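Protein chains: 4
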Amino acid sequence: MSGIGAAPGEVAGGEIEQIGVGMLGYAFMGKAHSNAFRKIAYMTWPPPLVPKLVSIAGRNEEAVQNAAERYGYERWTTDWHALVSDPEIGLFDNGGPNSLHAEPTIAAAEAGKHVICEKPLGRTADESYDIWKRVAATGVKHLCAFNYRFVPANRLAREMIDAGELGEIRHFRGRYLQDWGDDPSLDTWRFHADEAGSGALGDLGAHVVDLARYLVGDFESVSGLVKTFLPGREVDDAIEAAVTFSGGAVGTIEATRLALGRRNALQWEINGSKASLAFDMERLNELQVFRADGDRARGFKTVLVSEADHPWWGFWWPPGHIIGWGETFVHEIYHLLECIRDDADVAPMGATFEDGYRAAEVCDAIVRSNETGAREQLTYRSL
Amino acid sequence: MSGIGAAPGEVAGGEIEQIGVGMLGYAFMGKAHSNAFRKIAYMTWPPPLVPKLVSIAGRNEEAVQNAAERYGYERWTTDWHALVSDPEIGLFDNGGPNSLHAEPTIAAAEAGKHVICEKPLGRTADESYDIWKRVAATGVKHLCAFNYRFVPANRLAREMIDAGELGEIRHFRGRYLQDWGDDPSLDTWRFHADEAGSGALGDLGAHVVDLARYLVGDFESVSGLVKTFLPGREVDDAIEAAVTFSGGAVGTIEATRLALGRRNALQWEINGSKASLAFDMERLNELQVFRADGDRARGFKTVLVSEADHPWWGFWWPPGHIIGWGETFVHEIYHLLECIRDDADVAPMGATFEDGYRAAEVCDAIVRSNETGAREQLTYRSL
Amino acid sequence: MSGIGAAPGEVAGGEIEQIGVGMLGYAFMGKAHSNAFRKIAYMTWPPPLVPKLVSIAGRNEEAVQNAAERYGYERWTTDWHALVSDPEIGLFDNGGPNSLHAEPTIAAAEAGKHVICEKPLGRTADESYDIWKRVAATGVKHLCAFNYRFVPANRLAREMIDAGELGEIRHFRGRYLQDWGDDPSLDTWRFHADEAGSGALGDLGAHVVDLARYLVGDFESVSGLVKTFLPGREVDDAIEAAVTFSGGAVGTIEATRLALGRRNALQWEINGSKASLAFDMERLNELQVFRADGDRARGFKTVLVSEADHPWWGFWWPPGHIIGWGETFVHEIYHLLECIRDDADVAPMGATFEDGYRAAEVCDAIVRSNETGAREQLTYRSL
Amino acid sequence: MSGIGAAPGEVAGGEIEQIGVGMLGYAFMGKAHSNAFRKIAYMTWPPPLVPKLVSIAGRNEEAVQNAAERYGYERWTTDWHALVSDPEIGLFDNGGPNSLHAEPTIAAAEAGKHVICEKPLGRTADESYDIWKRVAATGVKHLCAFNYRFVPANRLAREMIDAGELGEIRHFRGRYLQDWGDDPSLDTWRFHADEAGSGALGDLGAHVVDLARYLVGDFESVSGLVKTFLPGREVDDAIEAAVTFSGGAVGTIEATRLALGRRNALQWEINGSKASLAFDMERLNELQVFRADGDRARGFKTVLVSEADHPWWGFWWPPGHIIGWGETFVHEIYHLLECIRDDADVAPMGATFEDGYRAAEVCDAIVRSNETGAREQLTYRSL
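And the structure:
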């Protein structure tokens, strides 16, 4: 027997619905998101919706044209407004620099498109609040791309916590350590205050803050400091904070681009009254688990989070055949597509723009604490 | 500025040549290879050749039809001969069970198609030799899919060895430990002697043997044993061997499906007179490196093989953003496509069918040693 | 040939001088110090001075009598004044509870005896300052028993830093995690405010503070918090702080008795502009070392600090034959005996009472910061 | 209250019995054993018997005299016969080179003294059998100093196995890796065939063999090889073997002095049908434990073997305060003293001379297998 293989998006007996994607940004995040859109179509089978790569926007004409060819977007443009007005686009994905998060994202949502926006949502809590408020008013689905919620180990941690397996949580210590910042000759929008808003704080610290919120709950206060080491650098190289959570836990938060030898080490540890968990993004397939179960052989387990019953593992390979960092975006966008298809809530498993805003409040409080020297209490605005 | 984004395979000023792919097998290896074909088109930019997924073959009609839809093959068939006779197919990829390696692969090569065949090449050295001999006679490119040569850490190890950084190699100890075999109720072609040829030996042991050959060189002798633990199982559960290499090194080889807690642990260590290296597939982004460089701070480095100057890293992400097991197939097939485009040698960086055959000789020698109780010297046939 | 073996303390051609030891405390620290005194006599050969165990003091008559028999003290007493007035005692070792640090230590020094006092020196900075001031005035040698300076890995770290191998230090993150505190039924002087002064702060946090000072230099400011989780507990269970150092580094400090699964995890990491170092007391024989040396194989080394040229290793075994936690006291007291014999400075390699006082200033500042909510600047008194 | 502290060996209400020790050897093993004798008296409280260091023997007069002074032996001698005839000696400890194991040990036992002898018991199975046979005939207690049975992690492993926690054992892979052998200029009795008998085989391989026997049971067959790399070296640098056990398990055995970067890495892993265990002597306080207990969080635990209910931990410190390699001798000799005091069996927790002999049979079989190329079946002589 032979036959015609349907194009992706069709299954026996019917077609999976498509959703047109408009992508803003072709660099690091543009690549990561485009890869996810392409893989969702065949790795997450059947996909909730089939992403159709309609158009990609970016400032450099040659680069954006090249990206369109490379990733298979049907069109390209140097003007993001073209994405907003494009009727074929149902999902607007903002992977541009931080200064380009607010306006295009709001415009796309107000044009009725679902929106993903890279983190940090805005450059400040005010800007983030504005994005959230205006996008929420439109009723579209919105996701702030804190992709580390979509690491299987982090999701497993959340599921264990939700199931009460940790008991009362006492401590969260989280840090995001990288080391590429120690190069005075390097120039990128990430070092420009107007484009980036902040340095390690928004780029790395926001991830730690969001994971802390995802796993432990909201922050109550921060006592922090912000530090720029390299002469002439406009943004911070590192932040440090002692923090308290509304639920009673206490801990530390840190982010730096100057931790020599640490390339992508988002590390966290949580200590509860029944169990402890620990994680390192450089070994993102692993979760360290300690259970106070009375076993004479007492210790942290190195759990390879790759079992058939582990989060999202059904998309991938047999146990022990690990996945990469890029796959977190597959999980993230898959989740959003499910929410769009089912008209379901992005939260609590995905980060909404409210989560993006709340993380920004914590980041701003660290900056304020640096300036005032005082412990800053967190308050959150509602809509 | 806006424009039309070319379909993948086109670049500004000209088109990248395509190669039609015919895939035999839609299960584990069919999925892994199909994923690689799709990612090569946009992650390895510009790709040497753009894989065009022409047709996929498999025994189960519903499953193969579904796979065609899922991965985007234009056609499907339950008869692999259709791939062999398909003029649009330039590359035949054999991911079927071991008993289906010889005939289709030879037929495809004799039809002028380049061929990839999953490991083990044949079920015995004789069968493997026959495949090699007949395929080599056709002049097509042939690659035996020992994909672990295409783990960046393993390639880096090879490059260090080639550069003389290890000095004289004294030891290789390699083992491939999995634990899924301890289930009497499980049935798969991998447990049937006629389809699989052997158990852990050809499935896992062959990988260890190939990596040993890739890194240390040819085997000289083996003293081994083969063991089946589960009643009624037709194939071996485990093999063990003490081995010598032509270059003078000595060591051990092991493969088992009954190492409880080890999910995909292909582990090896090499000790040379100047440096030692160690590796574990469950942490495939890492290479352990010890150098006798006189540093007072003496020890094994945990090298995250993800730097810009590390093998294949230009395809992926910034340093520290690790890749997964699936990416090894991207590297492997990329290498083959380069060899096809440039009419270059698949060896020594890729495994040819000669390498597949030589690994089979070592596996056969372990079986013979088990039966005779004697140390078996290796001899290799040439064409 | 046969002969008479001299008693320990005699060497061919002459006798090594003895020093009479008076020990206050027979529990945890009494055991650790007594073991060190006994081992110094034969493991650190020839010892600088031979400790002669003269007398041991403690509150419980039966227990102190038993301790005298067990460790070989010639006498015992329930009144520590007897040690102070004992002319045979040249070295007074205070291993009693924190509330018993000040008076006996000062009295012993004023009686002309050299003094070791367990950490924290006093229960507050004021008390610590008083001890330092009065003891320093006597001219005896004084050592505050921050024994973790005498872990070979920590000393090696200090030597690397002194040699400039780290460049400019940017970060220190240190934490001392234990988990025995989560037992409401447990009672010990360590939970009583009057005897202990503080909880995790003085018990564990002081160690982190001292190691930070030893490796990075003096603290400039702390923004901290102090937390008691268990109802009815008089002292803190945990402290957290964001800190700055006079030299420009920033970081975090943490101590807790509620980190489930961590038994004795004093962990620190230092990031400099040329190298990074990391350590965990649960693997006290190891130091993690990253050097920015341009090696393509880039990563943290796991250095087993047990080479012939590593600190104090000449006392022990061949490389790789690791030592235990108890050995840190051997190194510490050996250092003090050398200083006594040679009339040399205890600092900077050993912690003096000034170091004990300065650590107390930092601990007090954390308490103040907790109360005021403000970043507390450190100021240090001099004599 | 004050009082007179009794000398060690006296307790309130009565004296602990003493046993006179005669030590042969003052170098590496002489130091390790002497340290143990001294520590037993106060760390293992109350000790079963108090070791009284009567006399030490060695070939070099100055060195042995110095050792007597250092470790506190009452007498010294260059003639080991003096120990055998010394009526004050109740325990003869043989830490001399392998060529001096047989004659003095037999003589001491025949003089009615209990005996400890370092491993390997003899240089061959024949010599070992002779020692066992003649010593057993005397009725004294005999212990072959395989001290790694007395690592708490190894003892815990044995207790878990005895309790059935591993189920059916399928695999043992053990290796002892060191790297000091790669120095052509080095000279020691360990490189002389007549004094040592063998190289890595008896020095390191015997430890692996004994631990395998302790944990898994007796060997059934070995297929091995023996290799000398350095020109002019009289003994082997490395051995490799594939092995079977009487109980059905299969595995590999390796020992080498040329594994660059491995300083004292006696590593083993056992896979059972219910659990797996793994160990590395360079982290001797840790045991890796995997249990097939159905926990979704599945993985190897890093167990810090330092809990109050772990083997011998009552002698030492609070949990997490690790011990060193030297402490294994404290546990070993403590066990022997208990057996002497109670007239109890040294086996199965301690290695007797029968165990020493059986290990020698396995080592000899590896040598035979190297020569014949054949799998060698083990047979064991009885008395």
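Residue numbers (the working numbering), protein chains in the order written: chain Z, 335 to 717; chain W, 335 to 717; chain E, 335 to 717; chain B, 335 to 717. For glycine and all other residues, C-beta sits at the position ideal for the given N, C-alpha and C. Remember, it's a predicted structure, so these values are computed and weren't measured experimentally.
Spatially closest choice to Z:Arg-630 from B:Leu-638, B:Arg-630 and B:Asp-629, by CA coordinates: B:Leu-638
Would you tell me roughly how many angstroms separate the C-alpha atoms of W:Glu-710 and E:Phe-624, rounded to the nearest one? Approximately 45 Å between the Cα atoms of the pair.
Per the DSSP calculation, E:Leu-559 is bridged to which residue(s)? E:Glu-574
Rounded to whole angstroms, what's the CA-CA distance from Z:Tyr-407 to W:Val-569? Just pull it up for me. A straight line joining the alpha-carbon of Z:Tyr-407 with that of W:Val-569 spans about 49 Å.
Compare the C-beta of Z:Ile-338 with all C-beta atoms of chain W and state if any pair is closer than 9 Å. yes
Could you list the residues in the region 636-655 of chain E with a C-beta less than 8 Å from some C-beta on chain B, going in chain order? Leu-638, Ser-640, Trp-650, Trp-651, Pro-652, Pro-653, Gly-654 and His-655
Could you compute how far the alpha carbon of W:Glu-366 sits from the alpha carbon of W:Leu-511? Looking at the sequence shown, residue 366 of chain W is not Glu but Ala. Their backbone Cα atoms lie some 21 Å apart in a straight line.
For B:Asn-605, would you say it is in contact with chain W, using Cβ-to-Cβ distances shorter than 9 Å as the test? yes
Please list the residues of the region 576-595 of chain Z that have a C-beta atom closer than 7 Å to any C-beta atom in chain E, keeping them in chain order. Ala-576, Thr-578, Val-584, Gly-585, Thr-586, Glu-588, Thr-590, Leu-592, Ala-593, Leu-594 and Gly-595
Measure from the C-beta of W:Ala-346 to each C-beta in chain E and report whether the shortest distance is under 9 Å. The pLDDT assigned to W:Ala-346 is 48, lower than 50, so where the model puts this residue is not dependable; a value taken from the coordinates is nonetheless given after this. Closer than 9 Å: no.
Measure how close the beta-carbons of Z:Thr-411 and W:Ser-336 come, nearest whole angstrom, since I'm counting them as under 8 Å. Indeed they touch by this definition, with Cβ atoms about 4 Å apart.
Using the beta-carbon of each residue, which ones in chain W are nearer than 8 Å to E:Val-623? Ala-631 and Gly-633
Could you check if B:Arg-591 is buried or exposed, using at least 16 other CB atoms within 10 Å of its CB as the buried criterion? buried
With a 10 Å radius around its C-beta and 16 neighbouring C-beta atoms as the bar for buried, classify B:Asn-605 as buried or exposed. So B:Asn-605 ends up on the buried side.
Do the region 526-535 of chain B and the region 457-470 of chain B make contact, defined as three or more Cβ pairs closer than 8 Å? yes
Can you list, in chain order, the residues of its chain with a C-beta nearer than 7 Å to that of W:Gly-724? Leave out the 5 residues immediately preceding and following it. Not covered by the structure: residue 724 of chain W. The range shown for chain W is 335 to 717.
Any beta carbon of chain E sitting closer than 9 Å to that of B:Ser-419? no
Kindly list the residues whose CB is nearer than 7 Å to the CB of E:Ala-726, restricted to its own chain and excluding five residues on each side of it in sequence; keep chain order. There is no way to answer for residue 726 of chain E, as the model of chain E reaches only from 335 to 717.
Where B:Asn-369 falls: helix, strand or coil (DSSP): B:Asn-369 falls in the helix class under three-state DSSP.
Check the Cβ of Z:Gly-707 against every Cβ in chain D and list those closer than 7 Å, keeping chain order. The structure shown contains no chain D; the protein chains it does contain are Z, W, E and B.
What are the residues of the region 504-517 of chain E that lie near chain Z, defined by any Cβ-Cβ distance shorter than 9 Å? Arg-504, His-505, Arg-507, Arg-509, Leu-511, Asp-513 and Asp-516
Quick check on DSSP: helix, strand or coil for E:Asp-428? Checking the sequence, you will find Asn at residue 428 of chain E rather than Asp. Looking at E:Asn-428 - three-state DSSP - the assignment turns out to be strand.
Can you check whether the C-beta of E:Met-335 is within less than 9 Å of a C-beta belonging to chain B? yes
Kindly indicate the opening and closing residues of the alpha helix (DSSP H) around B:Lys-467. Taken as a continuous stretch (DSSP letters only), the alpha helix (DSSP H) holding B:Lys-467 covers 459-470.
Beta carbon proximity, W:Met-494 to chain E, threshold 9 Å: yes
For Z:Ala-370, I'd like the list of residues in its chain whose CB is within less than 6 Å of its CB, leaving aside the five on either flank, ordered along the chain. Phe-663, Val-664 and Ile-667
Looking only at C-alpha atoms, which of B:Glu-493, B:Ile-350, B:Lys-467 and B:Ala-479 sits nearest to B:Ala-685? B:Ala-479
Beta-bridge partners of W:Asn-394, as assigned by DSSP: Paired residue(s): none; W:Asn-394 is not in a bridge.
Let's see if you can read the secondary structure: which residues bound the alpha helix (DSSP H) around Z:Glu-688? For Z:Glu-688, the enclosing alpha helix (DSSP H) begins and ends at 687-706.
What residues from chain E crowd round Z:Ala-626, counting only those whose CB sits closer than 7 Å? Leu-594
Pair within 9 Å by beta-carbon distance, B:Val-680 and B:Lys-475: yes
Using 9 Å as the limit for Cβ to Cβ distance, is E:Leu-549 near chain W? no
Output, in sequence order along the chain, the residues in the region 557-569 of chain B whose CB is closer than 8 Å to any CB in chain W. Ser-557, Gly-558, Leu-559, Lys-561 and Phe-563
Measure the beta-carbon distance from Z:Ala-626 to E:Leu-594 and round it to whole angstroms, keeping in mind my assumption that it falls under 8 Å. 6 Å
Cβ-Cβ separation, E:Ser-557 to E:Ser-703 (assumed contact under 8 Å), whole Å: 6 Å
Examine chain Z for any beta-carbon lying closer than 9 Å to the beta-carbon of B:Glu-616, and answer yes or no. Among the CB atoms of chain Z, none fall inside 9 Å of the CB of B:Glu-616.
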